Amino acid sequence: MVKVRDDQPLKHDGKVNVDAWLDKICTEADILEPETLRHALVVAKIIAEDAVENSTYWTIDSAQMGLEMAQILAELQLDEASILAAILYRAVREGRLSLAQVRKDFDDEVATLIEGVLRMAAISAVQNTSDETVLGQREDQVDNLRKMLVSVIDDVRVALIKLAERTAAIRAVKDAPQDKRTKVAREVFNIYGPLAHRLGIGHLKWELEDISFRYLEPLAYQKIATLLDEKRLARQDYIADIVATLTEQLEGSGIECEVNGRAKHIYSIWRKMKRKNIEFSQVYDVRAVRVLVPTVRDCYAALGIVHSLWRHIPHEFDDYIANPKENGYQSLHTAVIGPEGKGMEVQIRTQDMHEDAELGVCAHWKYKGTDTNEKDQAYEQKIAWLRQVVEWHEEIGDLPELMSDLRSDINPDRIYVFTPEGHVVDLPPDATPIDFAYRVHTEIGHRTRGAKVNGRIIPLTHHLKTGEQVEILTSKEARPSRNWLNQDSGYINTARARAKVAHWFKLQAKDTNQEEGRQLLMRELDRLDLARVPLSEVATAMNMKTAEDLFAAIGAGDVRLGQVVSHITRQNEIKQPQQELPLLKTPTVTTKQGDISIQGVGHLLTSIAPCCKPVPGDDIAGYVTLGRGVSVHRQDCDNLMNHEMTEPQRILAVSWGGKVSQMYPVDIDISAYDRTGLLRDVSLVLADSDVNVVAVNTKSEQKDHLAHMQITIEIDSLSKLGRVLNKLNQLPNVLTVRRARTHG
Numbered sequence: 094m095v096k097v098r099d100d101q102p103l104k105h106d107g108k109v110n111v112d113a114w115l116d117k118i119c120t121e122a123d124i125l126e127p128e129t130l131r132h133a134l135v136v137a138k139i140i141a142e143d144a145v146e147n148s149t150y151w152t153i154d155s156a157q158m159g160l161e162m163a164q165i166l167a168e169l170q171l172d173e174a175s176i177l178a179a180i181l182y183r184a185v186r187e188g189r190l191s192l193a194q195v196r197k198d199f200d201d202e203v204a205t206l207i208e209g210v211l212r213m214a215a216i217s218a219v220q221n222t223s224d225e226t227v228l229g230q231r232e233d234q235v236d237n238l239r240k241m242l243v244s245v246i247d248d249v250r251v252a253l254i255k256l257a258e259r260t261a262a263i264r265a266v267k268d269a270p271q272d273k274r275t276k277v278a279r280e281v282f283n284i285y286g287p288l289a290h291r292l293g294i295g296h297l298k299w300e301l302e303d304i305s306f307r308y309l310e311p312l313a314y315q316k317i318a319t320l321l322d323e324k325r326l327a328r329q330d331y332i333a334d335i336v337a338t339l340t341e342q343l344e345g346s347g348i349e350c351e352v353n354g355r356a357k358h359i360y361s362i363w364r365k366m367k368r369k370n371i372e373f374s375q376v377y378d379v380r381a382v383r384v385l386v387p388t389v390r391d392c393y394a395a396l397g398i399v400h401s402l403w404r405h406i407p408h409e410f411d412d413y414i415a416n417p418k419e420n421g422y423q424s425l426h427t428a429v430i431g432p433e434g435k436g437m438e439v440q441i442r443t444q445d446m447h448e449d450a451e452l453g454v455c456a457h458w459k460y461k462g463t464d465t466n467e468k469d470q471a472y473e474q475k476i477a478w479l480r481q482v483v484e485w486h487e488e489i490g491d492l493p494e495l496m497s498d499l500r501s502d503i504n505p506d507r508i509y510v511f512t513p514e515g516h517v518v519d520l521p522p523d524a525t526p527i528d529f530a531y532r533v534h535t536e537i538g539h540r541t542r543g544a545k546v547n548g549r550i551i552p553l554t555h556h557l558k559t560g561e562q563v564e565i566l567t568s569k570e571a572r573p574s575r576n577w578l579n580q581d582s583g584y585i586n587t588a589r590a591r592a593k594v595a596h597w598f599k600l601q602a603k604d605t606n607q608e609e610g611r612q613l614l615m616r617e618l619d620r621l622d623l624a625r626v627p628l629s630e631v632a633t634a635m636n637m638k639t640a641e642d643l644f645a646a647i648g649a650g651d652v653r654l655g656q657v658v659s660h661i662t663r664q665n666e667i668k669q670p671q672q673e674l675p676l677l678k679t680p681t682v683t684t685k686q687g688d689i690s691i692q693g694v695g696h697l698l699t700s701i702a703p704c705c706k707p708v709p710g711d712d713i714a715g716y717v718t719l720g721r722g723v724s725v726h727r728q729d730c731d732n733l734m735n736h737e738m739t740e741p742q743r744i745l746a747v748s749w750g751g752k753v754s755q756m757y758p759v760d761i762d763i764s765a766y767d768r769t770g771l772l773r774d775v776s777l778v779l780a781d782s783d784v785n786v787v788a789v790n791t792k793s794e795q796k797d798h799l800a801h802m803q804i805t806i807e808i809d810s811l812s813k814l815g816r817v818l819n820k821l822n823q824l825p826n827v828l829t830v831r832r833a834r835t836h837g
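Numbering of the sequence shown is given in our numbering, commencing with residue 94 and proceeding in unit increments.
As structure tokens, then:
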């Protein structure tokens, strides 16, 4: 719901009690000097009785507007110059105070801030591009918009003061004529809501979106507001029980926490309903809680506890810690089936992440004057997008296109990156440094050994983004890696680069290709813990005479490892029903339960054995349990082999169905040199691979500086598992990544 702020101290006549306001704001922000602020109030004639006569606002006068703006900026913890500029801004804009007077009574910094905000006021004229007056001023408006962006880059406080001014305006617009309400709401919705989002100021973004949505789509707004209000008390009781349960579990596990219900935002709910074409009852974050914990490690531990308490909803997990949003926002988001079968959302973040989410770039001033290089870097990153908009559109006169870049990213069909010399290279989305190298020159691609992006070493599987500067690190001799051709490894995503690498290997000696191809395949089969099949049969199935020919084709890049694994998987599925396994003496029927077909019996439930966790593509067999139907095991599972020896009559032949319709858990083991950010990097790979994480267990060996992780993920096939393992294996300091061995 929209939060209406009425916390300014008022006199009995409804006017702001300036003395009480000064005391309140200076108590909350100890960097502010009461006498300096009082002087600004006097200069702006805010305290004088005649200060409201020239006001053009509808329900609050210039006095209240200036105080409201200053209050917003104080909540954002901005500096004194910004607060002073906010107080004086309306007086300057209405012509009651000159910038020269501001410079004389205060300083050039305050005057420059006000000047920047005045330039930004010109943005109001560009809302309706079909209006003839606006079209007549098209060139001037584009120029003003560029000035606005440049002023933000020079000093982001200008944008924050303008955000405060527009927030105060839309709070006051409820009693204005409808056409003025609509105009202000459209301006706020199109420009200042997205600007608040880009600058990472979460609570202003939500407020601006909700109020503007209320005026632009009143029927939709009222419908959702009514639905929220109808079950408000029941929802509050439900959330209170969730908060109590989760707090008890987290504290019982030794995790300090703060758990609260999270505010519901009407526009966000409406947008989700439209995007997913769902009803109000299906929106998970109508019921939502937020968990604040001390450390990143605690975030992932808390996530494991949440998933152990309530069943998670597939494809409803986002790891913004490992993969922050473009405005720097970090948090874990998951949706689960809570008590009474009701869906709900849980957000998990550290206290620092929460503060950044609320304050955005404003957190920069809170840390100003201390040793905060890391904070300063985050601040620079959050305004970098504005600098890029200016550079990209230096010569563009198309106003609608320029406006759309305030609301969304650059054209997703291409990315544009820079060489160290400043030349622009355009590439398709998801291009990697190797794709970039071969785009620049074939020989540079062949000699690639590493890469830097914006001066930092990055993995060669990194997906490049528009605006990044890419430097390729080369060796003296040309020596591409055969693993680059493995499509699942993520090294190459363009046909041009893949063709260049394949051609290089075709020119190499056949015996070298054969030996390296054999090593690659054996390593891949071992990593996937696949049962061996005669590779001569696989070669025949792939129209080759011998296994040696298959090895040579892999080494030369003519055949990808993923193709071979798929053939092996199909061979397993074809052979499986023909294997001579002891069967129950029952009529010959076949029944299918979900993804699994059972040979020999009908109407039996099936379940995946937790000891070996088979996935589609594994050789499997069934064991008839007492009262729990058929337990499906991998054929190399120790438990299954023990059952075959002691109870052969309870073994059934089962196989995977033709089409997989669900996800299966699988354990993977990772060994690496321990380092800061290792768990974050692993989580990023899993999030990018659209893989759901069920459980994480980590262990460190202090003596050898080693870290061991066992992670349970959900996948639908062996080929998907192979792609995930390949990506994890590319991470810095990772020694081995493999599917966990099955011991039953």
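Using N, Cα and C, we set each Cβ at its ideal position, and we do this for glycine too. Remember, it's a predicted structure, so these values are computed and weren't measured experimentally.
| Query | Result |
| --- | --- |
| Using the Cα positions of L553 and M437, report the straight-line distance between them to the nearest angstrom. | 38 Å |
| For D449, tell me which candidate among Q170, G354, V336 has the shortest Cα-Cα distance. | Q170 |
| Do you know offhand how far L698's Cα is from D760's? | 24 Å |
| So, V379 versus H405, is the Cβ gap smaller than 8 Å? | no |
| Do the stretch 251 to 264 and the stretch 278 to 298 make contact, defined as three or more Cβ pairs closer than 8 Å? | yes |
| Counting Cβ pairs, one atom from each stretch, are 3 or more of them under 8 Å apart for the stretch 294 to 303 and the stretch 356 to 368? | yes |
| Suppose contacts are defined by Cβ-Cβ distances below 8 Å. Is T587 in contact with D528 by that definition? | yes |
| Buried or exposed: which applies to E48, given that a residue is buried once 16 or more other Cβ atoms fall within 10 Å of its Cβ? | With the chain represented from 94 up to 837, any question about residue 48 goes unanswered, as that position is not in the structure. |
| When the Cα atoms are used, what is the spatial distance from R768 to H798? | 8 Å |
| From which residue to which residue does the alpha helix (DSSP H) around A137 run? | Where A137 is concerned, there is no enclosing alpha helix (DSSP H), given that its DSSP letter is neither H nor E. |
| Let me confirm a value: L821 is counted as buried when at least 16 other C-beta atoms fall within 10 Å, else exposed. Which label applies? | buried |
| Could you check the C-alpha separation between D112 and R186 for me, to the nearest Å? | 25 Å |
| Could you check what DSSP says for W749 in three-state terms: helix, strand or coil? | strand |
| Looking at T559 and Y57, is the spacing between their C-beta atoms short of 8 Å? | What the structure shows of the chain is the stretch from 94 to 837, and residue 57 is not part of that stretch, so it cannot be assessed. |
| I need the straight-line Cα distance from P825 to L312, nearest angstrom please. | 53 Å |
| Could you spell out where the alpha helix (DSSP H) holding Q329 opens and where it closes? | 325 to 345 |
| Taking the alpha carbon of Q580 as the point to measure from, which residue in D200, L130, D712, V652 has its own alpha carbon closest? | V652 |
| Go ahead and pull the three-state DSSP assignment for E807. | strand |
| Which complete beta strand (DSSP E) runs does the stretch 371 to 451 hold, if anything under 3 residues is left out? | 381 to 386, 404 to 412, 425 to 430, 436 to 443 |
| On the three-state DSSP scale, how would you describe E536? | helix |
| Using a 10 Å radius around the Cβ and a threshold of 16 neighbouring Cβ atoms, would you call R86 buried or exposed? | Any question about residue 86 goes unanswered here, given that the chain covers just 94 to 837. |
| Taking just the CA atoms, how far does A394 sit from E794? | 19 Å |
| Tell me which residue opens and which closes the beta strand (DSSP E) that K545 is part of. | 541 to 546 |
| With a 10 Å radius around its C-beta and 16 neighbouring C-beta atoms as the bar for buried, classify L181 as buried or exposed. | buried |
| Taking only the alpha-carbon atoms, compute the straight-line gap between A269 and S424 and give it to the nearest angstrom. | 39 Å |
| Quick check on the burial criterion: 16 or more other C-beta atoms within 10 angstroms. Buried or exposed for Y766? | exposed |
| Pick out whichever of S175, S346, E208 has its Cα sitting closest to the Cα of S191. | E208 |
| Identify which residue in E349, I332, L343 has its Cα closest to the Cα of P387. | E349 |
| Using a Cβ-Cβ cut-off of 7 Å (strictly less than) and excluding sequence neighbours within five positions of T639, which residues of its own chain qualify? | S629, A632 |
| Under three-state DSSP, which class holds Y314? | helix |
| Does the count of Cβ pairs from the stretch 310 to 329 and the stretch 262 to 277 closer than 8 Å reach three? | no |
| Thinking V518 and I441 are a contact (beta carbons under 8 Å), I'd like their distance in whole angstroms, please. | Between I441 and V518 the Cβ distance is about 39 Å, and since that is not below 8 Å, they are no contact. |
| Can you pull the DSSP bridge partners for N819? | In DSSP, N819 forms no bridge with anything. |
| Roughly how many angstroms separate the alpha carbons of I647 and N576, rounded to a whole number? | 10 Å |
| Leaving out five residues before and five after F410 in sequence, what residues of the same chain have Cβ atoms less than 6 Å from its Cβ? | T427, N785 |
| What did DSSP end up calling T120 once you bin it into helix, strand or coil? | helix |
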